[in-house]
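Scroll down for the structure; my scribbles are underneath it.
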């Protein structure tokens with residue numbers, strides 16, 4: 060039986076998952092592929108570091124050229140993370156005619172144009188299913204399962220760290236700092252969680268979803284992005300009483316003028332399927348012209364889910380190799396990809412949850428309501444707590460649908476009032492089913 064050699068760059072959490080799956084599922088992989096996968100080398104930073112998955116010492120190396128310079132290696136699996144040295148090693152592998160599989164969304168969102176162009180020039184493929192939503196096969200679904208359909212919009216919970224933190228705050232009443240600490244203890248947040256909690260990770264994943272959904276190359280740094288750092292336990296508990304759950308959403312919609320993409324926290328209806336997506340799970344809802352709405356759900360992070368996605372990509376690449384169709388389909392899913400600047404979101408309309416912090420004095424609530432009205436912001440519902448004498452009020456307002464530009468101008472004026480005690484908290488209200496319109 061034919062053997063195909065692969066090399067791993069990195070043996071961290073996901074890398075060890077890849078090695079474990081290659082070992083434990085070897086018979087199933089061989090049965091599907093009709094060939095054996097042989098790990099020829101594993102690049103690591105520390106040869107002596109203990110690992111949860113045993114790796115034969117003769118496979119370990121701290122020299123990338125042992126893998127990249129090995130002519131028998133047909134597929135290089137990059138699991139280092141970050142931009143460098145991952146970028147340089149991936150380009151080196153491509154230049155030597157090797158196929159690449161990666162789960163590195165930061166690398167592809169930042170350097171994808173260069174990497175995909177190099178791969179096309181060399182006639183090799185780049186697969187990256189594990190870079191978005193872990194074990195959920197959303198990229199393959201968009202690239203292959205929906206290849207004949209026209210994608211209208213996508214809405215996803217694509218960051219397990221934020222989902223875990225918001226769950227801990229909403230379901231267990233923890234404040235933000237305590238919820239982040241719990242996520243770190245559970246292994247769902249990095250020591251420095253800023254890329255996750257500030258929405259940057261979700262924006263990078265959304266850029267890849269836009270690429271595969273619409274054939275549009277979007278710079279994730281240009282996507283309007285808000286994280287969860289300003290969300291309070293009070294907001295989640297109040298949302299629950301009002302019939303909502305708070306989630307960090309990544310959204311993109313195709314329009315005649317381009318793509319409208321954004322990342323931000325949102326109140327989603329309690330009866331929405333997204334309300335039941337908890338902890339490290341991810342979900343992506345796709346709205347397409349022929350199929351309508353379809354939902355893709357599963358574990359969005361971790362050794363085994365992401366490792367499974369990576370190995371599935373390796374199997375797909377090797378199928379192409381065995382069929383002598385080395386390059387396979389274009390990684391971007393489109394033969395022609397256009398650069399796209401995300402459209403301004405000024406005219407996007409949402410209902411909104413507002414929490415205005417004001418002193419318990421006569422007249423202030425009326426002034427806030429009047430200011431909103433002057434800017435065309437209609438109040439749908441208003442709640443306030445009953446504080447003790449002299450204690451400040453958290454005034455909760457739900458608005459009717461209003462354009463981003465109008466609500467932003469209104470809140471800028473409200474926050475300048477002398478008797479408003481701090482920036483108004485605002486969370487958009489989103490029905491995931493409505494993203495992209497109803498086919």
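Residue numbers (the numbering used here): 60 to 498.
Glycine is no exception: its CB is placed at the ideal position from the N, C-alpha and C atoms.
| Item | Value |
| --- | --- |
| Counting along the chain, where does the beta strand (DSSP E) carrying residue 100 start and finish? | 95-102 |
| Give the range of the alpha helix (DSSP H) segment to which residue 336 is assigned. | Neither: residue 336 is in no alpha helix (DSSP H) and is coded neither H nor E. |
| Which term fits residue 61, buried or exposed, when burial requires 16 or more other beta carbons within 10 angstroms of its beta carbon? | exposed |
| Starting from the Cα of residue 161, find the closest Cα among 451, 142, 215 and give me that residue. | 142 |
| For residue 106, name the three-state secondary structure that DSSP assigns. | coil |
| Please determine, among 147, 390, 296, 333, the residue with the shortest C-alpha to C-alpha distance to residue 199. | 390 |
| Bridge partners for residue 410 per DSSP, in chain order? | 488 |
| So, at 7 Å on beta carbons, what are the nonlocal neighbours of residue 510 in its own chain, with the 5 sequence-adjacent residues on each side left out? | Lying before the first or after the last residue shown, residue 510 is absent from the chain, which here runs from 60 to 498. |
| Using only alpha-carbon positions, find the residue among 298, 311, 127 that is nearest to residue 211. | 311 |
| What's the gap between the Cα of residue 166 and the Cα of residue 178? | 15 Å |
| I need the DSSP call for residue 217, collapsed to helix, strand or coil. | coil |
| Can you tell me which of the three DSSP states residue 74 falls into? | helix |
| In the DSSP assignment, what are the bridge partners of residue 303? | 328 |
| Between which two residues does the beta strand (DSSP E) containing residue 200 stretch? | Segment: none, residue 200 is in no beta strand (DSSP E) and carries neither H nor E. |
| In this structure, how does DSSP classify residue 64 when only helix, strand and coil are distinguished? | strand |
| In the DSSP assignment, the alpha helix (DSSP H) including residue 235 goes from what residue to what residue? | 235-244 |
| What would DSSP say about residue 483, mapped onto helix, strand or coil? | coil |
| Count the CB pairs spanning the region 268-282 and the region 146-161 that are closer than 8 Å, and state whether there are at least three. | no |
| Any idea what DSSP makes of residue 231, helix, strand or coil? | helix |
| Taking only the alpha-carbon atoms, compute the straight-line gap between residue 497 and residue 480 and give it to the nearest angstrom. | Caution applies to residue 497, whose pLDDT of 41 falls short of 50 and renders its modelled position unreliable; the model cannot decide the point. |
| Suppose the cutoff is 7 Å on Cβ atoms and the five residues either side in sequence are ignored; what does the same chain contact list for residue 473 look like? | 415, 427, 430, 479, 483 |
| For residue 433 and residue 469, what's the separation of their Cα atoms in angstroms? | 8 Å |
| In terms of residue numbering, what span does the beta strand (DSSP E) encompassing residue 352 cover? | 351-358 |
| Go ahead and pull the three-state DSSP assignment for residue 275. | strand |
| Quick one, which of 460, 116, 319 has its alpha-carbon nearest residue 106's? | 116 |
| Quick one: Cα of residue 127 to Cα of residue 185, how far? | 16 Å |
| Would you tell me roughly how many angstroms separate the C-alpha atoms of residue 350 and residue 332, rounded to the nearest one? | 18 Å |
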